[in-house]
Ligand SMILES: Nc1ncnc2c1ncn2[C@@H]1O[C@H](COP(=O)(O)OP(=O)(O)OP(=O)(O)O)[C@@H](O)[C@H]1O
Ligand SMILES: Nc1ccn([C@@H]2O[C@H](COP(=O)(O)O)[C@@H](O)[C@H]2O)c(=O)n1
Ligand SMILES: [Mg+2]
């Protein structure tokens with residue numbers, strides 16, 4: 276067996292041992308996934324892993340997959356799962372943490388099925404930031420973070436991929452009762468109010484009743 280295979284097995288084994296909690300954070304490009312994840316990290320102690328950020332870092336590291344990742348991103352296409360899952364596994368293990376927001380993943384059925392098969396991790400739930408396309412386009416064109424894919428031609432391609440490949444994944448999790456949908460067209464703080472409700476631990480009903488009676 277090659278050393279790369281052994282390293283992947285080690286990653287998978289380390290993760291399986293930890294049984295981490297995972298929340299998938301999905302939504303169209305520019306829906307505010309990164310913005311809201313930063314706030315969730317501050318308030319609820321999760322570790323944020325953005326699949327897009329990990330792929331950008333891998334591309335910039337001069338790795339053998341760099342050119343392929345760059346080409347896929349410029350076309351708004353989804354990088355093969357094998358590459359993205361390895362980056363996610365490595366980041367999870369190296370963080371030493373056990374509660375993760377995985378932002379922008381799974382982006383298609385291949386991502387979803389491969390992650391489940393390799394890691395055996397089932398998400399606690401899926402946070403879906405729903406926002407109309409005109410607003411998404413406005414936000415991305417104003418983002419100014421120097422992202423090469425934030426140009427109108429690539430943005431349109433990313434929207435198409437979202438509708439054709441990513442929405443079916445959200446539907447898959449909806450059918451399993453795992454989707455927490457949020458109106459992401461509102462201002463940042465209003466969106467976060469809705470997010471907080473989802474992450475704030477619920478007080479057991481029986482406990483609440485006892486407290487009221489006492
Ligand atoms: N609720 C909001 N109202 C207005 N602007 C917002 C809101 N949330 C985020 N933004 C802004 O919109 C832009 C996109 O937000 P962000 O980068 O968080 O989106 P994203 O979902 O991570 O996008 P991508 O999928 O392209 O990485 C940023 O400039 C951000 O400041
Ligand atoms: N699971 C994923 C996530 C992202 N990509 C590629 O990265 C681009 C940017 O992603 P953001 O979440 O930062 O917007 C995206 O358009 C894809 O090209 C991917 O391949 N797989
Ligand atoms: Mg983002």
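Numbering (our numbering), first residue to last: 276 to 489. By construction, the Cβ of each residue, glycine as well, lies at the ideal position given by its N, Cα and C atoms. This one's a predicted model, so the numbers in the text were calculated from it and none came from an experiment.
Residue i CB to nearest heavy atom of ligand 3 below 8 Å
i           : result
residue 308 : yes
residue 336 : no
residue 285 : no
Neighbourhood of residue i by C-beta distance below 6 Å, restricted to the same chain and skipping five residues each side
i           : result
residue 347 : 354
residue 340 : 358
residue 299 : 377, 398 and 401
residue 468 : none
Collapsed DSSP secondary structure at residue i in the structure displayed
i           : result
residue 302 : strand
residue 420 : coil
residue 475 : coil
residue 285 : helix
residue 457 : strand
residue 451 : coil
residue 294 : coil
Near ligand 2: residue i beta-carbon under 8 Å from a heavy atom
i           : result
residue 380 : yes
residue 348 : yes
residue 327 : yes
residue 421 : no
residue 351 : yes
Length of the line joining the Cα atoms of residue i and residue j
i           : j           : result
residue 417 : residue 437 : 20 Å
residue 344 : residue 367 : 21 Å
residue 426 : residue 303 : 15 Å
residue 321 : residue 429 : 31 Å
residue 383 : residue 362 : 17 Å
residue 464 : residue 388 : 34 Å
residue 457 : residue 444 : 16 Å
residue 419 : residue 338 : 26 Å
residue 350 : residue 439 : 15 Å
residue 279 : residue 472 : 42 Å
residue 288 : residue 413 : 43 Å
residue 454 : residue 364 : 23 Å
residue 415 : residue 379 : 15 Å
residue 450 : residue 442 : 12 Å
residue 332 : residue 370 : 16 Å
Check: residue i C-beta below 8 Å from any heavy atom of ligand 5
i           : result
residue 425 : You won't find ligand 5 in this model; what it holds is ligand 1, ligand 2 and ligand 3.
Residue i CB to nearest heavy atom of ligand 1 below 8 Å
i           : result
residue 431 : no
residue 418 : yes
Within-9 Å CB hit, residue i to chain B
i           : result
residue 315 : No chain B appears in the structure shown, which is made up of a single protein chain.
Own chain, CB closer than 7 Å to residue i, minus 5 neighbours either side, in chain order
i           : result
residue 460 : 406, 407 and 410
residue 293 : 373
residue 319 : 474
residue 360 : 389, 390 and 393
Own chain partners of residue i with C-beta closer than 8 Å, once the 5 adjacent residues on each side are dropped
i           : result
residue 404 : 300, 301, 302, 303, 306, 307, 308, 311, 457, 459 and 466
residue 295 : 367, 372, 373, 374, 375 and 396
residue 391 : 397
Continuous alpha helix (DSSP H) assignments of at least 4 residues falling wholly in the stretch 333-394: 341-349, 356-370 and 384-394
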